[in-house]
Amino acid sequence: MLTYRKLQKGDKEKLIAIFQQPSAMYDYREFDEDALIADANCNCVVIEKDGEIAGFASLITYRVPTKGLIGRIEDVIVDERYRGQGLGRGVMENLIALAKEKKISLIDLTSNPQRFAARKLYESLGFEIHDTGVFRLKLK
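Under numbering that gives the first Met the number 0, the residues of the sequence shown are numbered 0 to 139, in order.
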């Protein structure tokens with residue numbers, strides 16, 4: 000059975016194991032389960048398949064003066080054992096539906112150019128690549 004649910008206390012260890020998989024390319028050291036659960040602007044979705052945690056994604060919401068309420072999808076990951084079974088599409092559709100419920104005007108996400116399958120998925124869901132560059136200032 001496949002379910003998509005909110006992040007719960009006790010999920011962290013299993014999720015970190017997925018974030019540590021060689022193909023994941025994620026730094027999980029900032030994963031603060033309690034803070035994520037408490038943050039009303041962070042909608043963390045856990046994918047469960049047959050009672051096992053199989054993936055994760057998050058939708059962060061915030062208000063911008065010129066665009067209204069917008070969303071940003073982060074940390075979409077599916078356990079290597081479950082890839083190719085539509086779980087990534089399912090969690091993305093779940094987050095898009097949640098964004099519509101919240102009346103979000105647009106959703107942004109970034110994706111490494113080497114993640115061909117992920118980029119193909121995002122485009123198939125209607126996401127478009129924009130010509131704007133992402134600037135980042137690391138503070139830690």
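Ideal Cβ positions, reconstructed from N, Cα and C, are used throughout, including at glycine.
No experiment lies behind these values; they were computed from the predicted model shown.
If we ignore side chains and look at the alpha-carbon of each, how far apart do residue i and residue j end up?
i      : j      : result
Met24  : Asp74  : 10 angstroms
Tyr121 : Leu138 : 29 angstroms
Leu94  : Asp26  : 22 angstroms
Ile72  : Leu14  : 17 angstroms
Thr109 : Ile128 : 9 angstroms
Asp31  : Thr131 : 30 angstroms
Ala39  : Thr2   : 21 angstroms
Glu79  : Ser123 : 21 angstroms
With DSSP as the reference, please indicate the residues paired to residue i in a beta bridge.
i      : result
Thr153 : The question about residue 153 has no answer here: the residues shown for the chain are numbered 0 through 139.
Leu1   : Lys48
Asn42  : Leu58
Assuming residue i contacts residue j (C-beta within less than 8 angstroms), just tell me the rounded distance between them.
i      : j     : result
Lys102 : Leu58 : About 13 angstroms; that fails the 8 angstroms criterion.
By Cβ distance below 7 angstroms, which residues in the same chain neighbour residue i in space, the five residues on each side in sequence not counted?
i     : result
Gly70 : Leu58, Ile59, Thr60, Ala98, Ile103 and Ile106
Worksheet item: Can you list, in chain order, the stretches of the alpha helix (DSSP H) that have 4 or more residues and sit fully within the segment 56–133?
Response: 86–100 and 115–123
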